[in-house]
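Enquirer:
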Amino acid sequence: EGQEWYNLAKRTFELTKTSMSFRIYAMLKMYGEQVFEDSVTQVYDLAKRFAEMLAENGHFQMPVAVPDSNIVCFRYFEKGLSEKDLDQINLNIRQAILEEGAFYIVQTRINGHFFLRTTFMSPFTTEKELEHLIEKILSLQ
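Under our numbering, think of the first position of the sequence shown as 52, with each following residue one higher.
1) Counting beta carbon pairs with one atom in the stretch 117-128 and one in the stretch 152-172, are three or more of them shorter than 8 Å?
2) Between Gln112, Glu178, Ala106, which has its C-alpha nearest Asn141's C-alpha?
3) Just the C-alpha distance for Asp89 and Ile144, rounded to the nearest angstrom, thanks.
4) Is DSSP giving Val157 helix, strand or coil here?
5) Give the range of the alpha helix (DSSP H) segment to which Leu132 is assigned.
6) Opposite Val123 in the DSSP bridges: which residues?
7) With H, G and I counted as helix, E and B as strand and the rest as coil, what does DSSP make of Phe87?
8) Take Glu107 and list the residues in its own chain whose beta-carbon comes closer than 6 Å to its own, dropping the five residues that flank it on each side.
9) Can you list, in chain order, the residues of its chain with a C-beta nearer than 6 Å to that of Leu191? Leave out the 5 residues immediately preceding and following it.
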């Protein structure tokens, strides 16, 4: 009675969608394992370069100077501003970037403070886009 006897989706195999593993198998057969290694290396290197660019700029703080993955957490920083003001500025920066739609940045809290968080996924992202993101953030603060 309470087991949703009518809901066949819970009791049958998924046969109408393409198998997701087929795409991975096809890429492995066509390009080999190296394409996956190259892609991961590219986005990890891109994250490291972005962290370097933020550090060189001087208007950003990062909880980790050199990321170990494709994720970079950072926030706009200006001496003399309170933590509360910095949190609000970074919240406003994120909102404006999302509304514009050219970049997608998520948020996180580190030690109770608001940080911006980027995750690099596309091996086609270039340093030019990273520069543009930094310029956009600086123009919004």
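Even for Gly, the Cβ is constructed at its ideal location relative to N, Cα and C.
Expert: To lay it out plainly:
1) Yes, since at least three Cβ pairs between the stretch 152-172 and the stretch 117-128 fall closer than 8 Å, the two stretches touch.
2) The residue with the shortest Cα to Cα distance from Asn141 is Gln112.
3) About 32 Å.
4) The three-state reading of DSSP puts Val157 in strand, counting E and B together.
5) Segment: none, Leu132 is in no alpha helix (DSSP H) and carries neither H nor E.
6) Beta-bridge pairing links Val123 to Thr169.
7) Reduced to three states, the DSSP call for Phe87 is helix.
8) A distance below 6 Å between beta-carbons, with the five flanking residues on each side excluded, links Glu107 to no residue of its chain.
9) In its chain, beyond the 5 residues on either side, Ile144, Ala147 have a beta carbon closer than 6 Å to the beta carbon of Leu191.
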